[in-house]
Amino acid sequence: MRLRTHLALLVIAAMVPLIVYAGVVVRLLSVEMRQDIDAAIRETARALAAAVGTHVASVVSGLEVIAATGDFARYTPEDLHERASRLIRSQPAWAAITVARADGQVLVNTLTTPGRQAYSLADEPYFRQVVQTKRPALSGYRRSRGAGLNVVSVGVPVVRGGAVQLVLTASLDLDVLSRILHDHALPARWTAAILDANGTIIARSRNADRFVGRKATPRLLERSQRAAEDVFEDVTQEGEPAFGAFARTRNAPWTVVIGLPMDALAKPIRGTLGLALLGGLGLLALGLGLALVLARRIAGPISALSGAATALGRRQPIPPVSRAVAEVAAVAEALEGAAAERDRRERALNEVNRHLEDERQAVSRLHQIAMALTAELELPRLLERLTEEATHLTGAHYGAFVEPAPLSSEQGLAVRVGSGDLPDALTEMTAWARVLAPALTGERPVLASSATPEVAEPDRPERAAVPAGSVLAVPVRGRAGAALGALVFAHPDPNGLTPRHQRLVASVAATAAVALDNARLFQEAQQAIALRDNFVSVASHELRTPLVPLQLQVQSLQRNIARGAAPLSPEALTAALDRMARQVHRLGRLTEDLLDASRIAADRLELRPEPVELVAFVRQIVADFQGEAERTGSTVALEGPEPVEGVWDRARLEQVLANLVSNAFKYGAGAPITIAVGHVPEPDLAFVRVRDGGVGIAPEDHARIFGRFERVGPSHTAAGLGLGLWITDRLVQAMGGRIAVQSEPGQGATFTVCLPRADRGAPVRLASEPTA
């Protein structure tokens, strides 16, 4: 026999005990595989239960935000229906939204026409639970009476004053729950289902249309009621023997069940045995091959060198070469060195390629983030998206968008939006405050670590300690270079945030600055449009108000003339002309207000100062309002016997005082009006105080009444364009003074105008209210 044959027999003899041993190992392995499958299906059930619980929690959170922030008392059922319909369009997983009173009467159901929700939810167990506990609750499998759909419902209370006023209910589409199971990428032939608290199937990854609404098998019901999670053997709804596991969800009284056929469980074990057999045969073949290799090494070491050279050329491992011959050993060592150098170069090339791929992915991701940010115009959503994307990009454990503000170690961070899994990270980062200050004020980015000594505060050793980890802060600057805020990130690893992360965040910050400016411009544009529309509406109404009675008076006179009637008496004609004159005067006042508003807005208001004796000036204005005093029944008392002289624009001063006196008559409810005139030596000021005893102004409206287009007062008196006090305030400021109001509801109002007696050429700001 040849040497190769002997070596082959030797290999076979050595492999037989190994194959027997492998059989024993395979048997033990099959048992271990069964245990691994048990663990895998149990973990899958837990993961699905967590996913379903997260979905339910997101629905509850969304409803709780609506319940907490919605001003439901303001809305009619039709308003609620319209708002709920807009919300349902943004929530594809929700089949319907229902708003019901605490007694169960349905006010709104988005699946029906407004005003046709003539049914009650008082008998629904989940509804009673919400009202009794004032906490969210879930229903079991139920049929929606609004549109006849099979749903599960999530109810959340609207609590005001400690009592449940309304109950918001989101009816979840069961197909969405089935898709959650289907999208979990379960292995082939695995089936997942969700059972409600009554054991009814509400979702299924396979054949959902056949089995949703059915009860689970008796064995599964009995096992699931005794334990929160377990594995079991049963028969599926299709009648197949199966092995499975179930787990209870944490945020809902539901159970997630995973099952697979018994033959699918046995198949991997049979496959393992087959692989073991094939492995044994393979090992036998390998042994024979090694025997042949050894034979070749013994027979011809030179031939082995040829095989080694061939392996090197094919980028394969170099086979062992006999070193019996010195020259062969030298060549073999050279080949091995060449192979090692080849592998080293390939590893280096692969590392370079990996870095290039990382950079390519980073550039692509930055592009996607830029597209997403520039497309978002809602400022809160933009900041949230920016923070989430930047946090994910850096891999930080916590990220935040921080408002620009000077920072010290005693202050907290002015967080606008946060993201990450460390909700108390900013509290721990208080010691980082001084380090982060340059970034928060827009000066420069900051990258710091607890491993570097630069973060210590040598002048305050007691505050030198910082939490272990690293921080990164990158300022976000607007178009004009002003600081809009900063992106701040924290990582528990001192090396977790690197200069590469700083470069990536700087790119995001540059895009975010443009997006933030765009969002703010969009927000300002919306506010300007709303202000314009409101002004047009108010102006149209107020300009029409004096025209209608004026037109009626003219038409009445025209009809008298056309009929050839007897001429009106002087008294009747005078009364008609007086009424027409009042409307013309009112129309003129409205027009002047509009012109003054446009001049002020365009910064084209001119002042012509001249000497004015204020007491006589006010007395003349009061005389001009004598007709108004007779009409309203108010009396006017002037306090200020001593002359008060100053240099002011006579026309604008008349406009200011006439507006205040006119308002006193309008809102004074016929009560006496007092006008006080005086001066204060230090500083050299003159003041006019107009006090009425009318309806008064609530304290929260004191600042608002001086705004443009703002009107405060009862509906029957709050006429006009809402420009009078705004123009008055601007005119007073233009003359270097200020105006203030003191008032309480039902106690009248006192307006005080303070003006410098000399023309100072620029507005002044007074520290305190003058006294007479």
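In this note's numbering, each residue carries its 1-based index in the sequence shown increased by 1387. Built from N, CA and C at the ideal position, the CB exists for glycine as well. All values derive from a computational prediction rather than experimental measurement.
Simplified DSSP assignment, three categories, for residue i
i, result
"V2140", "strand"
"H1571", "coil"
"T1761", "helix"
"E1537", "Note that residue 1537 is Asn in the sequence shown, not Glu. Three-state result, N1537: strand."
"G1676", "helix"
"E1609", "helix"
"S2049", "helix"
"G1542", "strand"
"I2084", "coil"
"P2028", "coil"
"I2060", "strand"
"L1508", "coil"
"R2079", "Checking the sequence shown, residue 2079 turns out to be Asp, not Arg. In the structure shown, D2079 sits in a strand (DSSP, three-state: E or B)."
"V1554", "strand"
"R2152", "Since pLDDT at R2152 reaches only 35, below the 50 mark, its modelled position is unreliable, and the value read off the structure follows with that caveat. It is coil, neither helix nor strand."
"D1458", "coil"
"K1654", "helix"
"T1636", "coil"
"Q1945", "helix"
"V1599", "coil"
"A1432", "helix"
"A2145", "coil"
"A1912", "helix"
Proximity of residue i and residue j at Cβ, strictly below 9 Å
i, j, result
"S1540", "R1529", "yes"
"G1527", "Y1513", "yes"
"G1883", "A1783", "yes"
"A1717", "I1705", "no"
"G1829", "P1862", "yes"
"G2057", "G2083", "no"
"A1580", "L1573", "no"
"V1493", "I1484", "no"
"R2144", "V2031", "yes"
"I2060", "V2005", "no"
"V1999", "V2064", "no"
"C2141", "A2073", "yes"
"D1596", "L1607", "no"
"P1501", "E1451", "no"
"V2077", "A2051", "yes"
"N1594", "L1561", "no"
"T1761", "T1898", "yes"
"G1868", "S1837", "no"
"T1774", "V1892", "no"
"V1518", "A1489", "yes"
"A1487", "L1553", "yes"
"L2118", "V2023", "no"
"A1436", "W1577", "no"
"T2115", "L2047", "yes"
"L1827", "P1791", "yes"
"L1699", "R1732", "no"
Paired residues, beta bridge with residue i - DSSP
i, result
"H1878", "S1857"
"G1786", "S1806, F1876"
"A1629", "D1621, P1648"
"W2035", "E1997"
"Q2129", "T2137"
"G2065", "F2074"
"V1495", "V1486"
Boundaries (first-last residue) of the alpha helix (DSSP H) holding residue i
i, result
"L1884", "Per DSSP, L1884 belongs to no alpha helix (DSSP H) and is neither H nor E."
"R1768", "1766-1781"
"A1835", "Where A1835 is concerned, there is no enclosing alpha helix (DSSP H), although the beta strand (DSSP E) it sits in stretches over 1833-1836."
"I2092", "It is not in any alpha helix (DSSP H) - I2092 carries neither H nor E in the DSSP assignment."
"R2117", "2111-2121"
Enclosing beta strand (DSSP E) for residue i [first to last residue]
i, result
"A1580", "1578-1582"
"I1645", "1642-1648"
"V1486", "1481-1488"
"A2016", "Premise fails: A2016 lies in the alpha helix (DSSP H), 2013-2019, not in any beta strand (DSSP E)."
"R1591", "1588-1591"
Cβ distance (whole Å) where residue i is taken to contact residue j below 8 Å
i, j, result
"F1630", "M1649", "6 Å"
"V1644", "T1636", "With a Cβ gap of about 12 Å, V1644 and T1636 do not count as contacting."
"L1525", "V1443", "7 Å"
"H1468", "T1497", "7 Å"
"L2112", "N1905", "That pair is no contact at about 35 Å."
"P1996", "D2036", "6 Å"
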